[in-house]
Amino acid sequence: MELCAGSGSPEEEEEAPWSRFSRWLECVCVVTFDLELGQALELVYPQDVKLTEKERSSICYLSFPDSYSGCLGDTQFSFRLRQSVGRRGGGREEEVYNRDAPPTLKTEVSHFFGFVYFRQVKDASVKRGYFQKSLVLLSRLPFPPLFQTLLQIVAPEFFEKLEPCLETVCNEIDQWPAPVPGLSLTLPLMGLVLQVRVPSRSDKPGGSPVRQSAAENLLRPPRCYGPPRCCPASTSWTSSGVVGAAVARGTLVVMAPSPTVSSETVLALISMISPLRFCCDFRPYFTIHDSEFREYTTRTQAPLGETKMAGDLPKQVKVKKLSKLKTLDTKPGIYTAFKTFLHKDKILIKRLLKGIQRKRPSFIIPLERYMASLMPLQRSVSPWKTPPQIRPFSQEDFLLSLDDTGPQLTSVLKGDWLGLYRKFFRSPNFDGWYRQRHREMTQKLESLHLEVLCDADLVTWTKDKSEVETVKDASVKRGYFQKSLVLLSRLPFPPLFQTLLQIVAPEFFEKLEPCLETVCNEIDQWPAPVPGLSLTLPLMGLVLQVRVPSRSDKPGGSPVRQSAAENLLRTPTVLRTPTVLPSIHELDLFRCFQSVLVHLQVLWELLLLGEPLVVMAPSPTVSSETVLALISMISPLRFCCDFRPYFTIHDSEFREYTTRTQAPLGETKMAGDLPKQVKVKKLSKLKTLDTKPGIYTAFKTFLHKDKILIKRLLKGIQRKRPSEVQSAILRRHLLELTQSFIIPLERYMASLMPLQRSVSPWKTPPQIRPFSQEDFLLSLDDTGPQLTSVLKGDWLGLYRKFFRSPNFDGWYRQRHREMTQKLESLHLEVLCDADLVTWTKDKSEVETVDLILKLREKLNKARRQQLQLKDGVLDKLENFIETIVTSLPEELRRVLSTRCTH
273 MELCAGSGSP EEEEEAPWSR FSRWLECVCV VTFDLELGQA LELVYPQDVK LTEKERSSIC
333 YLSFPDSYSG CLGDTQFSFR LRQSVGRRGG GREEEVYNRD APPTLKTEVS HFFGFVYFRQ
393 VKDASVKRGY FQKSLVLLSR LPFPPLFQTL LQIVAPEFFE KLEPCLETVC NEIDQWPAPV
453 PGLSLTLPLM GLVLQVRVPS RSDKPGGSPV RQSAAENLLR PPRCYGPPRC CPASTSWTSS
513 GVVGAAVARG TLVVMAPSPT VSSETVLALI SMISPLRFCC DFRPYFTIHD SEFREYTTRT
573 QAPLGETKMA GDLPKQVKVK KLSKLKTLDT KPGIYTAFKT FLHKDKILIK RLLKGIQRKR
633 PSFIIPLERY MASLMPLQRS VSPWKTPPQI RPFSQEDFLL SLDDTGPQLT SVLKGDWLGL
693 YRKFFRSPNF DGWYRQRHRE MTQKLESLHL EVLCDADLVT WTKDKSEVET VKDASVKRGY
753 FQKSLVLLSR LPFPPLFQTL LQIVAPEFFE KLEPCLETVC NEIDQWPAPV PGLSLTLPLM
813 GLVLQVRVPS RSDKPGGSPV RQSAAENLLR TPTVLRTPTV LPSIHELDLF RCFQSVLVHL
873 QVLWELLLLG EPLVVMAPSP TVSSETVLAL ISMISPLRFC CDFRPYFTIH DSEFREYTTR
933 TQAPLGETKM AGDLPKQVKV KKLSKLKTLD TKPGIYTAFK TFLHKDKILI KRLLKGIQRK
993 RPSEVQSAIL RRHLLELTQS FIIPLERYMA SLMPLQRSVS PWKTPPQIRP FSQEDFLLSL
1053 DDTGPQLTSV LKGDWLGLYR KFFRSPNFDG WYRQRHREMT QKLESLHLEV LCDADLVTWT
1113 KDKSEVETVD LILKLREKLN KARRQQLQLK DGVLDKLENF IETIVTSLPE ELRRVLSTRC
1173 TH
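Its first residue numbered 273, the sequence shown is counted upward by one per residue in the working numbering.
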């Protein structure tokens, strides 16, 4: 970096306001300490930047050191902040930058980087005796050295001249050229010029940069070699333990004496696996005051980050300067139960301690080589065919290839390389790397296909082709009327909407748009779908009477009896009398599963474990009904995986799913290598598929078949028992089986709930104890499914595999959310019963204001989440807040009323 007098500005172009500024920064924030409110956001520039309340709160807490009594003077550090849902990215320019940038320097999609310059100096004019303020830069670009240097130049001037200085700096940044990978840029700033080069993906990894002073390379990764200024020389940061944990998604907590040391250490850690991108979550600076603290401390996998909490996280890296050992309770080092796969490189450690750096991309080279072998040959790309597909990644084939092309050829390290690769395959880092490489190879195939199309003689090819093959035109007469009426909804009520189509569609095909407009106007008058209520829905002179199921309904309850003619779910006849639909969500299970009755146990386990399934059927009707029936097999447990009732090779997501390791539950007529296939077909139409109806899978069931159920259903077929009765028998069996499986989980989950007497108005609500899989499995001897189910088999194995499925994750998150809301409700009720007015009498104004703000936050949260509370709880707390506010000084009342309106 050269610092010299002068200025420069690129050619001005007609662009949106602050468009060039947004290429580098999202915004600049000023955070100050308010005596009444604590950390507060004083200024955001540009002023049109919209930050959500959660983002503002997080920025305020993360912009000050956790304990800043010892942080006199200036302190620099960085943090990482989750963006709110719905925020848009940088558009086309950001896509171009990400295309050419190295994987480790791509922009953040769902997070912001925050770079902080915090000043704390004695000031007698301030009531607390200290001037405390932070200047914060928010950006999607992972360029810590650049933005830290920028803060070192700007912040001292800002603290003297305040807002006018900030406005000048932002206008200068708005004139900077875009960050183009591979280009050297000149960035004018406050009479100085920063000369930087943005790294490019075409740069040689580990190549020696042009010799320059340490201050020149502003975009290089943070220093992470020996000894770094964030790590004592006694700590072996290049040990295979840390590298192995980072590669294989080891959970790490960095506990450091200051946010500067913490943030530099975390950024250094994630750069250890460069050029591989670290795809897990990480937080350079993280405290117990963070809005996401509870989320991460209750996760099985915690983020890589820093906090001064004492938790049960599996791996901890404690970093501290030797001169300040007294600030932490343990000696600096790595505290972990993680067992390394590779041995230490003692020679490298000795060389690093002498100031010599050496990098080897030994781990990633075999993966890149194998990935390149999956690319189709260029000669297989034909202009007359669709581009060939990339062959699927086989972990076993790759591991077999390591004997000849493994990392042992380029690395002197010995150890369990195979074990390290196997664990790496289960990490987000592998998933992120594979998706990126697959996307690049797909784009390369598309480019090659366009090139061969350009060289082909397409004019000659079209001479002997018909018009239909050459161009699609809806006005050409094909001899058939082809049109579909489609309803889109977020509600999972297939029978209701199918019935609606049976009534509306015939009229629409005759009268077209006027009919559709009339129907939509009628639906616009329907009452809202309230669970537990029976509704009357007028439609085209008819009346549909339906009841929306409620979570308080008894599972498997028998519907109201009615004649077969009334049930529009199973007959296309439109009745001209008020019609009662027995169910708006239940399908005819027996009709869907009639050809695979002997395999019901296999299907139930596949759905319970979220295993991939492909339904191949002769028509979309059979396919969609079968898929919807399949996901209802595990009711009342919610199916949390992806599923597609109808899916063909023409779908825009076809390639994405066929190249996944896990394919979606769906239907298509393709012939693929998907692991499990359910082929369903009417017996009279066997000739339309090449195989007999049934289930084709290598999956081994954990439980034995229920032969009594199968015999009962087969006997019902012989006696011509109505399909409705057969479905009721089948649904009752599946419900009892799922309940037998889920009841022990519900019972164990309930045991994790804190006792009601432990909820105190003077403390935060107690936390739900963590879910221990081993403790749950031990409890099955006394409270297992064998108490309510006659099925025998490996129930423990079934539970263990269920724990690794998305269905368990979805169930656990939902139950944990409900229990957390219950605790919040109990806490509000005990607060309502407590004598808070007496409590505030001997408290300072700061404590009283803090109580009011927390109570308001709880009330807003209770209304937003619609917590179940006793009558009058919210009103009583509101009255208490008003009583306390009126007792405060006028100035504080005005501040609190202003904050309330915002």
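Each residue gets a CB set at the ideal place from its N, CA and C atoms; glycine is no exception.
6 Å CB neighbourhood of residue i in its chain, flanking five on each side removed
| i | result |
| --- | --- |
| LEU1006 | MET905 |
| PRO648 | PRO660 |
| PHE550 | ILE542 |
| VAL776 | VAL791 |
| VAL426 | VAL441 |
| LEU1070 | PHE974 |
| GLY1065 | PHE974, LEU975, HIS976 |
| TYR389 | GLN348, LEU407, LEU423, ALA427 |
Spatially closest choice to residue i from the options, by CA coordinates
| i | options | result |
| --- | --- | --- |
| VAL815 | GLY1056, ARG823, SER822, VAL791 | VAL791 |
| SER719 | GLU668, SER756, PRO655 | PRO655 |
| SER217 | PRO908, GLY813, TRP876 | Because the chain in this structure spans residues 273 to 1174, residue 217 falls outside the shown range and cannot be described. |
| PHE865 | ARG469, LYS611, LEU900 | LEU900 |
| SER896 | PRO764, ARG1041, ASP676 | PRO764 |
| TRP1034 | VAL997, PRO1057, CYS1104, LYS992 | CYS1104 |
| THR682 | LEU423, ILE636, GLU712 | ILE636 |
| THR808 | VAL802, PRO801, ALA800, GLN817 | GLN817 |
| LEU1027 | TYR1071, ILE980, SER1077, MET1091 | MET1091 |
| GLU564 | GLN1011, ARG709, SER329, LEU639 | SER329 |
| CYS912 | LYS979, TRP1083, ILE1040, MET527 | TRP1083 |
| LEU650 | ALA609, LEU722, ASN701 | Checking the sequence, you will find Gln at residue 650 rather than Leu. The residue with the shortest Cα to Cα distance from GLN650 is LEU722. |
| ARG1072 | LEU881, ALA288, PRO801, GLN998 | LEU881 |
| GLN1140 | GLN774, LEU1100, LEU407 | LEU1100 |
| THR893 | GLU429, VAL525, ARG863 | ARG863 |
| GLU435 | VAL300, ARG412, ARG391, ALA609 | VAL300 |
Contacts around residue i, its chain only, beta-carbon distance under 8 Å, and the 5 residues preceding and following it disregarded
| i | result |
| --- | --- |
| LEU1068 | LEU1049, LEU1052 |
| HIS561 | TYR333, ASP338 |
| GLN708 | PRO375, ARG549 |
| THR1120 | THR1112, ILE1156, LEU1160 |
Whole-angstrom C-beta distance between residue j and residue i, which should lie under 8 Å
| i | j | result |
| --- | --- | --- |
| TRP689 | LEU674 | 7 Å |
| ASP372 | SER294 | Contact flag wrong, Cβ pair sits at about 19 Å. |
| LEU859 | PRO803 | In fact, because the Cβ distance is near 19 Å, the residues do not count as touching under 8 Å. |
| GLU314 | THR324 | About 18 Å; that fails the 8 Å criterion. |
| TYR557 | SER356 | No, TYR557 and SER356 are not in contact; Cβ-Cβ is about 20 Å, not under 8 Å. |
Same chain only: Cβ atoms within 7 Å of residue i, ignoring 5 sequence neighbours per side
| i | result |
| --- | --- |
| GLN1045 | PHE1075 |
| LEU788 | PHE780 |
| ILE1153 | ILE1124, LEU1127, ARG1128 |
| THR1055 | PRO1016, ARG1019 |
| ARG641 | THR677 |
Helix, strand or coil at residue i according to DSSP, with G and I counted as helix
| i | result |
| --- | --- |
| CYS912 | coil |
| LYS1130 | helix |
| VAL886 | strand |
| ARG927 | helix |
| GLN311 | strand |
| SER1159 | coil |
| HIS1088 | helix |
| MET462 | coil |
| THR969 | strand |
| LEU847 | Because LEU847 sits at a pLDDT of 37, beneath the cut-off of 50, its placement in the model cannot be relied upon, and the following sentence gives the value as read from the coordinates. DSSP places LEU847 in coil when its eight states are reduced to three. |
| ILE606 | strand |
| GLN348 | strand |
| SER891 | coil |
| TYR402 | strand |
| LYS1035 | coil |
| CYS552 | coil |
| PRO531 | helix |
| ARG1004 | helix |
Open item on the list: Any contact between the region 1121-1137 and the region 1092-1104? By contact I mean 3 or more CB pairs, one from each, below 8 Å.
Closed with: Between the region 1121-1137 and the region 1092-1104, the count of Cβ pairs shorter than 8 Å is three or higher; the stretches touch.
Task: Cβ contact (3+ pairs, closer than 8 Å) linking the region 662-669 and the region 719-731 - done: With a cut-off of 8 Å, the region 719-731 and the region 662-669 do not count as touching, because too few Cβ pairs lie within range.
TODO: Could you tell me whether the region 976-995 touches the region 866-883, using the rule of 3 or more Cβ pairs below 8 Å?
DONE: Yes: the two stretches touch, three or more of their Cβ pairs being nearer than 8 Å.
Open item on the list: When you compare the region 1100-1120 with the region 918-927, are there three or more beta-carbon pairs, one atom per stretch, that lie closer than 8 Å?
Closed with: They do not touch, by the three-pair rule.
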